[in-house]
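First the structure, in the form of C-alpha cells, and then the observations on it.
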Amino acid sequence: MTETPLPESLAQIKDDFLSLEQRERLVLLLEFSNELPELPEQYRDHPDLLERVVECQSPVFIFVDVSDENIVHLYATAPKEAPTTRGFASILVQGLGGLTVEQVLAVPDDYPQELGLTEAVSPLRIRGMTALLGRTKRQIRERIAA
Amino acid sequence: MTVEVDSSSKFTEYAHPERLVSTEWLQAHANDPGLVIVESDEDVLLYETGHIPGAVKIDWHTDLNDPVERDYIDGVGFAKLLGSKGISRDSTVVIYGDKSNWWAAYALWVFTLFGHEDVRLLDGGRAKWEAEDREYVTETSTPTAVDYPVVERNDAPIRAYKDDVIAHLGNPLIDVRSPEEFSGERTTAPAYPEEGALRAGHIPSAQSVPWGKAAAEDGTFRPLDELTALYRDQAGLKDGDAIIAYCRIGERSSHTWFVLTYLLGFEGVRNYDGSWTEWGSAVRVPIVKGSEPGLVPAKR
C-alpha cells in the first residue's frame, strides 16, 4: 500500500501528543476540548442539519460543509459533560478544517489510534473518534455526490 | 465502618441505608478522618474539568480493567492503586460519578470483588452536586500514599461468568439494556464501525428492566415503593431468588446490582460483566429476539 503523507495540521497534532508523557496527553486533550468553537449561528438555529454520532455515548453532533473551492469545514457540538468527546471533535475540527475534499478522504481511518491516546484514554473510547472521522468522510462523499 | 453513616430519612427505608450518602452529608463530612472521596466517570476527562474538593479519580477502564486480558486487575494491582490514592483497607470510601452513577456503581462493584468493606455511593452523583451549586476544584488531589494489603478478588459471590449464566438458565435474569438492544432490532447503519456483538437479542427468559428506570430525573435512586413495583411486581423477582443482571459490558448492570442488593435487599445477586459483548459473540449459546423474554431451551 502506498502511504499518503498526513496533512500538516494532522501531523502536527499527532506529533504534539506523541511528544508528551501519558498524563500530559490528557491535559492536551482537555485543552482541545476547551477550544472546540461554538457552532456558527446558522447551525445553532438548525439542529436538523446536524447528524448525531450514535457510536459516542455522549450526544455529539456534526455538520460538514464543503465550499465551492472544495474546502472542508467541520462543525461539531458536544456538551461540557463530555469533555473527551469534545476533545476528539475539536482535534478533527482543527485538523481537518481548511483541507481539500481529497485530503480529508485520504486521511487514514486509523488516525485516532495514532495519537498515542489509547493508554491514557483507552481503546474503547478512541472508537468514538474513529466514528466521528468515519461520519465526516461519509458526509463529504454525500456532499460531493449531490 | 469508620465514618458514621448518613441517617437521612430518605435512606432508612432501603435494605442497606449505610451504602448511600447524600450531598449534604458529604459536604459536612468531607474532611472526616478515614473518609476518601472517589470520582469515577464514563468520561475520562470529566474529573479534570472540576471535582469535589479532595476527591481522587479512579477510571473504570485505565485503572480497574486489566490492560491485556478482559478481566479486572489482580490483588497486587488493586493494592497498588488504592494505596496510591490514599485509601486504606479500613477507609470509608464514597464514590460518585456522571450518568446517575453508572460508573461509580461499577467501581463500587469492583471494590466489592476485593472485599473492601465500607464503600458507599453519593446519591445523585455529579449531577446533583452540580445542580446544588456545590464547590468544585480543578487541582488534581495529591493524596499521601498509604499501604493497602494485597487481597485477591473473590469473584464467585457477586460476579457471574458465561458458564455460570448457562448453568443459571431457568432462574431470574435481568437485562438492563435499552428495549431496542433487548429485542435485537437495534442495528448499526452500513459503513459505520460496529464495536459490539455479532448477534443481537437477549438471553432466553431475561426480563427487560432498563437500568435507568431505577434512577430519578435528578440522578438519585427512586424510593423503595417505586423500586419494588419495578423489580418485584413487574419483573417478578421474589425473596430467595438467585438473580443475575447483565448489560453490554457490565457497567449499567452494576447499577442494577447495587439497587437489587443494597436497596431492595436481595441476596446473592451476581453481575455478568461479560454481558452482551460476550454472549452475543459466543458460539452455540441460546438467544431470543423480540420483546418477549422467551423460553429457556432444552440443554444441547
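For the protein sequence lines, the chains are A and B, in the order given. Under our numbering, the first residue of the first sequence carries the number 66, and numbering increases by one thereafter. Under our numbering, the first residue of the second sequence carries the number 802, and numbering increases by one thereafter. A virtual CB, placed ideally from N, CA and C, is assigned to each residue, including glycine. The structure displayed is predicted, hence computed values, not measured ones.
Residues from the segment 882-914 of chain B in contact with chain A, defined by Cβ distance under 9 Å: ASP899, LYS900
Inter-residue Cα distance where the pair is ASN972 (chain B) and ASP175 (chain A): Residue mapping note: residue 972 (chain B) aligns to position 171 of the second sequence, counting from 1. Residue mapping note: residue 175 (chain A) aligns to position 110 of the first sequence, counting from 1. Approximately 44 Å between the Cα atoms of the pair.
Neighbour flag for ASP844 (chain B) against chain A, beta carbons, 7 Å: As a working note, residue 844 (chain B) is residue 43 in the second sequence. Closer than 7 Å: yes.
Distance, LEU836 (chain B) Cα to TYR993 (chain B) Cα: Position 192 of the second sequence holds residue 993 (chain B). Position 35 of the second sequence holds residue 836 (chain B). Since pLDDT at TYR993 (chain B) reaches only 43, below the 50 mark, its modelled position is unreliable, and the value read off the structure follows with that caveat. Cα to Cα, the separation comes out at about 45 Å.
ILE1004 (chain B): first and last residue of the uninterrupted alpha helix (DSSP H) it sits in: Position 203 of the second sequence, counted from the start, is the residue given in the question as residue 1004 (chain B). No alpha helix (DSSP H) contains ILE1004 (chain B), which DSSP labels as neither H nor E.
Cβ-Cβ distance between ALA923 (chain B) and VAL822 (chain B) below 7 Å: What you label residue 923 (chain B) is simply residue 122 of the second sequence in a count that begins at 1. What you label residue 822 (chain B) is simply residue 21 of the second sequence in a count that begins at 1. Checking the sequence shown, residue 923 (chain B) turns out to be Leu, not Ala. A contact, by the Cβ cut-off of 7 Å.
From B:HIS1056, B:TYR949, B:ASP1074, B:SER808, residue whose alpha carbon lies closest to that of LYS881 (chain B): One-based indexing of the second sequence puts residue 881 (chain B) at position 80. That would be B:TYR949, whose Cα lies nearest to the Cα of LYS881 (chain B).
Identity of the residues DSSP links to ALA1046 (chain B) by a beta bridge: Start at 1 with the first residue of the second sequence, and residue 1046 (chain B) comes out as number 245. B:ILE975, B:ASN1072, per the DSSP bridge assignment.
Continuous alpha helix (DSSP H) stretch holding ILE78 (chain A): start and end: In the first sequence, residue 78 (chain A) corresponds to position 13, counting from 1. Element bounds for ILE78 (chain A): 73-83.
Beta carbon proximity, LYS849 (chain B) to chain A, threshold 7 Å: Mapped onto the second sequence, residue 849 (chain B) falls at position 48. In the sequence on display, residue 849 (chain B) carries Glu and not Lys. Yes, because at least one Cβ of chain A sits closer than 7 Å to the Cβ of GLU849 (chain B).
Neighbour list for SER98 (chain A) in chain C, Cβ cutoff strictly below 7 Å: The structure shown contains no chain C; its protein chains are A and B.
Proximity below 7 Å, CB of THR201 (chain A) to CB of VAL131 (chain A): Locating residue 201 (chain A) in the first sequence gives position 136, counting from the first residue. Locating residue 131 (chain A) in the first sequence gives position 66, counting from the first residue. No, the pair does not count as a contact, with Cβ atoms beyond the cut-off.
Which listed residue (A:GLN168, A:PRO177, A:PRO70) has its alpha carbon closest to that of GLY152 (chain A): In the first sequence, counting from the first residue as 1, residue 152 (chain A) sits at position 87. Of A:GLN168, A:PRO177, A:PRO70, the residue nearest in Cα terms is A:PRO177.
Spatial distance of ILE1050 (chain B) from LYS929 (chain B) (CA atoms): Taking the second sequence and counting its residues from 1, the one referred to as residue 1050 (chain B) is at position 249. Taking the second sequence and counting its residues from 1, the one referred to as residue 929 (chain B) is at position 128. For ILE1050 (chain B) and LYS929 (chain B), the distance between alpha carbons rounds to 26 Å.
DSSP-derived helix/strand/coil call for ASN866 (chain B): Locating residue 866 (chain B) in the second sequence gives position 65, counting from the first residue. It is a strand residue.
Contact list for the segment 128-152 of chain A against chain B, Cβ threshold 8 Å: LYS145, GLU146, ALA147, PRO148, THR149, THR150, GLY152
For PRO173 (chain A), the nearest candidate out of A:ALA185, A:PRO105, A:GLY160 (CA to CA): Position 108 of the first sequence, counted from the first residue, corresponds to residue 173 (chain A). Here the closest residue by C-alpha is A:GLY160.
Touching by the beta-carbon criterion (3+ pairs, under 8 Å), the segment 954-963 of chain B and the segment 899-919 of chain B: yes
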